Every structure is written in C-alpha cells, then in structure tokens.
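Novice: Numbering (our numbering), first residue to last: 4 to 238.
Don't be surprised by glycine CBs; every beta carbon is placed ideally from N, CA and C.
Just so you know, these numbers come straight off a predicted model, no measurement behind them.
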Ligand code: ATP
C-alpha cells in the first residue's frame, strides 16, 4: 500500500503539488485523472524518488520512502514506467528488458520473469535480439512495461502508457496492464490520457487539479460524476 500525506512538490517556485494526501491500495488499479500540467507526473516522480518533495511523507507498505534514492525504492518493489518509455534505442529488446533486473542477483528468478514478459508479449520473444528503435510505438511501450516487470514489482507506476499510440493499440496496452495487475497481484497507479478506459479498468480514482486532489473514490462512481464526465470524458 502507498500512503501519501501532506505532499508538496515545487520546481524553484513553481508549485506542482500542494498538500496531497491519499492512499493507493495494494493489488488494485488506482487511476489519476487530470488536465495537462495538473501535477500527475510530478506525483509519480515524487513517489519513485525522481523528484524530492518539499514537504510531506510517502509510506510504501508502512516504510517511509520519502527522499530515498530511486534504486533503493525499486529494490523495495516499486517500479516506475515513465512517460516516453525511456528505452535504450540502440540496445536489443532483451538487453532493454534486462536493465529492469539490473539490481537483482537471482538468476533463476530473472529467467522466470523473462518468460513471464514473453508470455504477456509473445511478439517480443521472436524479435528479442533486434534493437528497440526498430519497433512500433506500441511494441516499444510493451518493452517498457516488460522492463518494469523484470524488477519483480509489488507496485507499479505507469505514466501515460498509451500516449502517441493508435486507438486500437491503446486498448491492448491498458488491458495488458489490467491483466498484469490481476495475475501478479501487483498494485498499479495509472496516469492515462484516455480517462474513459482508465476508469473502466481501475477500482479507485483520484482527480487532480492544479496540484490538488479535488475528488477521490470508487472509479465507477467517479465515471458517473457529472463534473468528471464534462471535464475529462468529453460527455
Ligand atoms: P502532463 O499531462 O502535461 O504531463 P502533468 O499533470 O503530468 O502534465 P506535471 O508534469 O507534473 O503535470 O507538471 C505540473 C506542473 O509543474 C506544471 O506547471 C509544469 O509546468 C511544472 N513542471 C513540471 N516539471 C517541471 C520542471 N522540471 N521544471 C519546472 N517546472 C516543472
């Protein structure tokens, strides 16, 4: 479980998050809905240690992780699949996947998790020795998700996994994230431009506006909320 209390993040005077307090449950998907610039990426980066909050506390399964180094946070079982994927374009699919396991020493476990990635994404297995830049946007997103799985996470943060993808692929990517959450019993915090789809697969949802949480609760209830429908679902 992730517990966030009184979290404030700023970038040299630009306030990105202000006094955010929330809980994301283990083993379920929580989605974060908000406009561009609302502070969604900053929230994920603060959780995974990529930005240092000015104030507040983040607990992961009861342990304070605020201000810890990103690799220490990954070691605890929390992974971040960033916006833009962050792949090494001239490295093979296999080597990109293995970077996700670079902090692990359990060779047998790493092999099992590689099999798991190829079970989720069979198309990657046949082409695992090809360099990542030769793959389509959807396949590159699969590599990025696979790299996250390779750290054997208990909790995964996904930042805009469907950005720039064709509409048909968007559904595949979100469905795969839902399958991973279900099969691996992995908690997920999902930031997704397609709020409709995200609210369908999520159990819980948060709405963030100008760095503050303005609504939180059951995803189905939020999907039915008139304000959410008008502002984020185009209805
Ligand atoms: P998007 O959907 O566009 O990615 P977001 O909801 O993820 O938006 P953030 O990227 O967290 O929002 O940005 C929140 C605020 O912080 C914005 O005003 C943004 O301009 C600002 N910001 C984000 N990163 C930086 C940075 N490195 N330096 C200065 N300001 C930043």
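So, at 8 Å on beta carbons, what are the nonlocal neighbours of residue 175 in its own chain, with the 5 sequence-adjacent residues on each side left out?
Specialist: Here residue 175 refers to the residue found at position 172 when the chain shown is read from its first residue. Result list for residue 175: 141, in chain order.
Novice: Taking 8 Å as the cut-off, decide whether the C-beta atoms of residue 208 and residue 31 are in contact.
Specialist: To locate residue 208, count along the chain shown from 1; it is residue 205. To locate residue 31, count along the chain shown from 1; it is residue 28. No; because the gap between Cβ atoms is not below 8 Å, this pair is not in contact.
Novice: Give me the Cα-Cα distance between residue 190 and residue 77, rounded to the nearest whole angstrom.
Specialist: What you label residue 190 is simply residue 187 of the chain shown in a count that begins at 1. What you label residue 77 is simply residue 74 of the chain shown in a count that begins at 1. If you take the alpha carbons of residue 190 and residue 77, they lie about 14 Å apart.
Novice: In this structure, what does DSSP give as the bridge partners for residue 26?
Specialist: Position 23 of the chain shown, counting from 1, holds the residue named residue 26. For residue 26, which the question treats as bridged, DSSP gives the partners 6.
Novice: So is residue 235 buried or exposed if we call it buried at 16+ other beta carbons inside 10 Å?
Specialist: Stepping through the chain shown from its first residue, residue 235 is reached at position 232. Flag for residue 235 reads buried.
Novice: Apart from the five residues just before and just after residue 42, which ones in its own chain have a Cβ nearer than 7 Å to its Cβ?
Specialist: Here the question's residue 42 lines up with position 39 in the chain shown. Taken in chain order, the residues that qualify are 19, 20, 211, 214.
Novice: I'd like the span of the alpha helix (DSSP H) that includes residue 207, first residue to last.
Specialist: Stepping through the chain shown from its first residue, residue 207 is reached at position 204. Premise fails: residue 207 lies in the beta strand (DSSP E), 207–212, not in any alpha helix (DSSP H).
Novice: Any heavy atom of the ligand ATP closer than 7 Å to the Cβ of residue 41?
Specialist: Along the chain shown, one-based indexing puts residue 41 at 38. Yes, Cβ of residue 41 sits closer than 7 Å to a heavy atom of the ligand ATP.
Novice: Between residue 184 and the rest of its own chain, which residues show a CB-CB distance below 6 Å, the 5 nearest in sequence each way excluded?
Specialist: Taking the first residue of the chain shown as position 1, residue 184 is located at position 181. Cβ within range, chain order: 32, 191.
Novice: Using the DSSP secondary-structure output, state which residues sit across from residue 97 in a beta bridge.
Specialist: Position 94 of the chain shown, counted from the start, is the residue given in the question as residue 97. In DSSP, residue 97 forms no bridge with anything.
Novice: Excluding five sequence neighbours on each side, which residues of the same chain lie with their C-beta closer than 7 Å to the C-beta of residue 13?
Specialist: Mapped onto the chain shown, residue 13 falls at position 10. Closer than 7 Å at the Cβ level, and outside the excluded window around residue 13, lie 19, 57.
Novice: Please find out if some non-hydrogen atom of the ligand ATP comes closer than 7 Å to the beta-carbon of residue 219.
Specialist: For the purposes of this step, residue 219 is taken as residue 216 along the chain shown, with counting starting at 1. Every heavy atom of the ligand ATP is 7 Å or more from the Cβ of residue 219, so no.
Novice: From the DSSP output, read off the bridge partner residues of residue 149.
Specialist: In the chain shown, residue 149 corresponds to position 146, counting from 1. Paired residue(s): none; residue 149 is not in a bridge.
Novice: On the criterion of 16 or more Cβ atoms from any shown chain inside 10 Å, does residue 137 qualify as buried, or is it exposed?
Specialist: Here residue 137 corresponds to residue number 134 of the chain shown, with the count starting at 1. That one is exposed.
Novice: Counting only the same chain and skipping the five closest in sequence on each side, list residues whose C-beta sits under 8 Å from that of residue 98.
Specialist: Translated into positions along the chain shown, residue 98 becomes position 95. Answer for residue 98: 91, listed in chain order.
Novice: Given 7 Å as the limit, tell me if residue 59 has its C-beta closer than that to any heavy atom belonging to the ligand ATP.
Specialist: Counted from its first residue, the chain shown places residue 59 at position 56. No; taking the cut-off as 7 Å, the Cβ of residue 59 has no heavy atom of the ligand ATP nearer than that.
Novice: Going by DSSP, what residue range makes up the beta strand (DSSP E) through residue 162?
Specialist: Your numbering for residue 162 matches position 159 in the chain shown. Note, residue 162: beta strand (DSSP E), 158–162.
Novice: Hey, residue 84 and residue 187 are a contact pair by Cβ (cut 8 Å); roughly how many whole angstroms apart?
Specialist: In the chain shown, residue 84 corresponds to position 81, counting from 1. In the chain shown, residue 187 corresponds to position 184, counting from 1. About 14 Å; that fails the 8 Å criterion.
Novice: From the DSSP output, which residues share a beta bridge with residue 63?
Specialist: Position 60 of the chain shown holds residue 63. According to DSSP, which records beta bridges pairwise, residue 63 is partnered with 5, 66.
Novice: Please work out which residues of its chain come closer than 8 Å, Cβ to Cβ, to residue 10, disregarding the five sequence neighbours upstream and downstream, and give them in chain order.
Specialist: Start at 1 with the first residue of the chain shown, and residue 10 comes out as number 7. Correct list, in chain order: 20, 22, 23, 24, 46, 49, 56, 58, 59, 60, 61.
Novice: If we call anything under 8 Å between Cβ atoms a contact, is residue 153 one with residue 116?
Specialist: Working through the chain shown from its first residue, we reach residue 153 at position 150. Working through the chain shown from its first residue, we reach residue 116 at position 113. The answer is yes: Cβ separation under 8 Å.
Novice: State yes or no: is the C-beta of residue 173 within less than 8 Å of the C-beta of residue 197?
Specialist: Position 170 of the chain shown, counted from the start, is the residue given in the question as residue 173. Position 194 of the chain shown, counted from the start, is the residue given in the question as residue 197. For residue 173 and residue 197, yes; Cβs fall inside 8 Å.
Novice: Where does residue 187 fall in DSSP's three states?
Specialist: Position 184 of the chain shown, counted from the first residue, corresponds to residue 187. In this structure, residue 187 counts as coil in the three-state DSSP scheme.
Novice: Taking 7 Å as the cut-off, is the CB of residue 206 close to at least one heavy atom of the ligand ATP?
Specialist: Residue numbering aside, residue 206 sits at position 203 when the chain shown is read from its first letter. Result no, Cβ not under 7 Å from the ligand ATP.
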